[in-house]
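Okay, structure first, notes after.
2 protein chains.
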Amino acid sequence: MLSKTCEYAIKATLYLAQKAHQSERANVKTIAKAIDSPDAFTAKVLQQLVKHGIVTSVKGTNGGFFIEPQTLPNLTLLQIVVAIEGDGLVKDCVLGLKNCSNVNPCPMHDKYAPIRDNILNMLQSLLVNDLATQLEQNMIFLKSK
Amino acid sequence: MLSKTCEYAIKATLYLAQKAHQSERANVKTIAKAIDSPDAFTAKVLQQLVKHGIVTSVKGTNGGFFIEPQTLPNLTLLQIVVAIEGDGLVKDCVLGLKNCSNVNPCPMHDKYAPIRDNILNMLQSLLVNDLATQLEQNMIFLKSK
DNA sequence: GTTAATTAGGATAAAAATGTCTTATTTTGT
DNA sequence: ACAAAATAAGACATTTTTATCCTAATTAAC
Numbered sequence: 003m004l005s006k007t008c009e010y011a012i013k014a015t016l017y018l019a020q021k022a023h024q025s026e027r028a029n030v031k032t033i034a035k036a037i038d039s040p041d042a043f044t045a046k047v048l049q050q051l052v053k054h055g056i057v058t059s060v061k062g063t064n065g066g067f068f069i070e071p072q073t074l075p076n077l078t079l080l081q082i083v084v085a086i087e088g089d090g091l092v093k094d095c096v097l098g099l100k101n102c103s104n105v106n107p108c109p110m111h112d113k114y115a116p117i118r119d120n121i122l123n124m125l126q127s128l129l130v131n132d133l134a135t136q137l138e139q140n141m142i143f144l145k146s147k
Numbered sequence: 003m004l005s006k007t008c009e010y011a012i013k014a015t016l017y018l019a020q021k022a023h024q025s026e027r028a029n030v031k032t033i034a035k036a037i038d039s040p041d042a043f044t045a046k047v048l049q050q051l052v053k054h055g056i057v058t059s060v061k062g063t064n065g066g067f068f069i070e071p072q073t074l075p076n077l078t079l080l081q082i083v084v085a086i087e088g089d090g091l092v093k094d095c096v097l098g099l100k101n102c103s104n105v106n107p108c109p110m111h112d113k114y115a116p117i118r119d120n121i122l123n124m125l126q127s128l129l130v131n132d133l134a135t136q137l138e139q140n141m142i143f144l145k146s147k
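Residue numbers (the numbering used here), protein chains in the order written: chain S, 3 to 147; chain Y, 3 to 147.
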């Protein structure tokens, strides 16, 4: 469903959103530990998030990553997913047909199209900021115990 | 969403289901052309379908693949998907948490769990036999024009 | 029987995804 | 200034997925 890269991107962003509520930043090692991901690979994922303007980085001692206060309020999971793997998940035919549509449907189109819409809706409606709050309240979790 | 292997497996099975309506079989080359997939790789996918009892093969001149009349009526897309890639798509946490559940949810669980159920439902409800009929009526298609 | 057509299976190859390591650059703290 | 801590970037390595090729085995047609 989602690539590992995308899983890490979402988790890292949510972790940083939590930190943002306390106006804190975090470095790669801390993030990787918090989301149970490999350090070096997580660093690469964070680089991608920086390039897409989802997180910001600071070099040097006490450096790290953080989310700008102005980006946080409207940041959705959809923006993260699209930044990492494009919009294929919410647009492409589930059987890979180039021209699949209502008038030219693949065998799964009729039943899958609404599900794809649900996925888009879910990703649009999941606000990073809200999820960060739920994380703080231990209502949701970023890794297995 | 689905692997290429799984896409080919579904399309090949549907093509053979269509053939089954005429009590015909088809060889790799014919199938690959019909579903717009690479010959050699399609052969491997068909081998997997044979091993899982979804299709049957006949060697030698005029050999090929076909679906047994007794398997066709109740064959669903779910059986094909599970045979090829296991039940991860309809069971696993979308963020890869080992113990994600209602009491221990990942950040996407609440909104994703129903979608995952919808996917399971869709796959269970899509009968290969029905789709074959729709293919014959040109209501649905296995490849782009 | 011999030949041709076909699947089975194994080896190999190429591409993509995942992951690691090393060096350069930047920044802070001393 | 210097050392330490951190990200950036590129090279490299591993694993998985996707794809190809070759040989063996089997079957039908002649």
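Ideal Cβ positions, reconstructed from N, Cα and C, are used throughout, including at glycine. Fair warning: this is a prediction, and the values are worked out from it, not measured in the lab.
For residue i, list the residues DSSP reports as bridge partners.
{"i": "residue 68 of chain S", "result": "S:58"}
{"i": "residue 28 of chain S", "result": "S:67"}
{"i": "residue 129 of chain S", "result": "S:78"}
Quick check on this structure: which residue in the options has the alpha carbon closest to the alpha carbon of residue i?
{"i": "residue 9 of chain S", "options": "Y:83, Y:110, Y:69", "result": "Y:110"}
{"i": "residue 17 of chain S", "options": "S:35, S:100, S:120, S:89", "result": "S:35"}
{"i": "residue 51 of chain Y", "options": "Y:68, Y:40, Y:94, Y:38", "result": "Y:68"}
{"i": "residue 24 of chain Y", "options": "Y:70, Y:125, Y:40", "result": "Y:70"}
{"i": "residue 134 of chain Y", "options": "Y:5, Y:7, Y:4, Y:21", "result": "Y:21"}
{"i": "residue 49 of chain S", "options": "S:86, S:80, S:37", "result": "S:86"}
{"i": "residue 141 of chain Y", "options": "S:93, S:142, S:141, S:102", "result": "S:102"}
{"i": "residue 3 of chain Y", "options": "Y:15, Y:58, Y:54, Y:89", "result": "Y:89"}
{"i": "residue 128 of chain Y", "options": "Y:80, Y:113, Y:38, Y:105", "result": "Y:80"}
{"i": "residue 37 of chain S", "options": "S:115, S:53, S:11", "result": "S:11"}
{"i": "residue 139 of chain Y", "options": "S:117, S:115, S:106, S:139", "result": "S:106"}
{"i": "residue 40 of chain Y", "options": "Y:53, Y:59, Y:54, Y:13", "result": "Y:13"}
For residue i and residue j, which I take to be in contact (beta-carbon distance under 8 Å), what is that distance rounded to the nearest angstrom?
{"i": "residue 130 of chain S", "j": "residue 45 of chain S", "result": "Residue 130 of chain S to residue 45 of chain S, Cβ: 20 Å. No contact."}
{"i": "residue 146 of chain S", "j": "residue 99 of chain Y", "result": "5 Å"}
{"i": "residue 125 of chain S", "j": "residue 83 of chain S", "result": "6 Å"}
{"i": "residue 91 of chain S", "j": "residue 108 of chain S", "result": "Not quite, the Cβ-Cβ distance comes to about 16 Å (not below 8 Å), so this is no contact."}
{"i": "residue 15 of chain Y", "j": "residue 57 of chain Y", "result": "7 Å"}
{"i": "residue 117 of chain Y", "j": "residue 33 of chain S", "result": "Actually they are not in contact, since the Cβ atoms of residue 117 of chain Y and residue 33 of chain S sit about 27 Å apart, beyond 8 Å."}
Output needed in chain order: residues of the stretch 31 to 58 of chain Y with a Cβ under 8 Å from some Cβ in chain S.
none
Counting Cβ pairs, one atom from each stretch, are 3 or more of them under 8 Å apart for the stretch 25 to 37 of chain Y and the stretch 57 to 70 of chain Y?
With the cut-off at 8 Å, the stretch 25 to 37 of chain Y and the stretch 57 to 70 of chain Y touch.
Pull out every residue of the stretch 92 to 110 of chain S whose Cβ sits closer than 7 Å to any Cβ of chain Y, in chain order.
96, 97, 98, 99, 100, 101, 106, 107, 108, 109, 110
Quick one: any contact between the stretch 65 to 81 of chain Y and the stretch 120 to 138 of chain S, if contact means 3 or more CB pairs under 8 Å?
no
Any residues in the stretch 125 to 145 of chain Y with a beta carbon nearer than 8 Å to a beta carbon of chain S? Which ones, in chain order?
For the stretch 125 to 145 of chain Y, which is checked against every Cβ of chain S, the residues closer than 8 Å are 127, 128, 133, 136, 137, 141, 142, 143, 144, 145.
Members of the stretch 4 to 25 of chain S that neighbour chain Y once the beta carbon cut-off is set at 8 Å:
4, 6, 9, 12, 13, 16
Residues of the stretch 63 to 84 of chain Y with a CB closer than 9 Å to any CB of chain S: list them in chain order, please.
79
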